[in-house]
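Right, one structure below, let's go through it.
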Amino acid sequence: MKTFFKAIEDLFVNVLFAPLDALRALELESWWAANTLNWIFMIIGAVAMVYWMLQLKDHSNKNEEDKSVTAHSFIKI
């Protein structure tokens with residue numbers, strides 16, 4: 002059983018975390034290159050937020066939302 006857990010350790014430490022080790026080594030040379038993946042995720046998030054806001058504005062302009070008091074049953078007046 003001990004060899005099974007050693008194999009799992011070897012898989013994670015030497016195989017699956019190898020890209021992260023490469024990024025850690027790259028950061029010492031170039032901060033921008035090491036954080037490229039983070040910038041890509043931030044750009045994707047910003048584009049998604051802008052798209053979502055435009056969709057909300059479009060639905061608001063078409064008056065598709067039920068804004069009556071009884072539209073939501075959890076609101077008690």
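Those letters in the sequence shown? Residues 2 to 78, per the numbering used here, in order. Using N, Cα and C, we set each Cβ at its ideal position, and we do this for glycine too. None of these values were measured; they are calculated from a predicted model.
Tell me which same chain residues have a C-beta within less than 7 Å of the C-beta of LYS3, skipping the five on either side of it?
Here residue 3 is taken as the residue at index 2 of the sequence shown, counted from 1. Contacts found: none.
Terminal residues of the continuous alpha helix (DSSP H) containing GLU65?
Numbered from 1 along the sequence shown, position 64 holds the residue referred to as residue 65. Careful: GLU65 lies outside any alpha helix (DSSP H) and carries neither H nor E.
Is the distance from the Cβ of ALA19 to the Cβ of LEU27 below 7 Å?
Position 18 of the sequence shown, counted from the first residue, corresponds to residue 19. Position 26 of the sequence shown, counted from the first residue, corresponds to residue 27. In this structure, LEU27 does not lie closer than 7 Å to ALA19 by Cβ.
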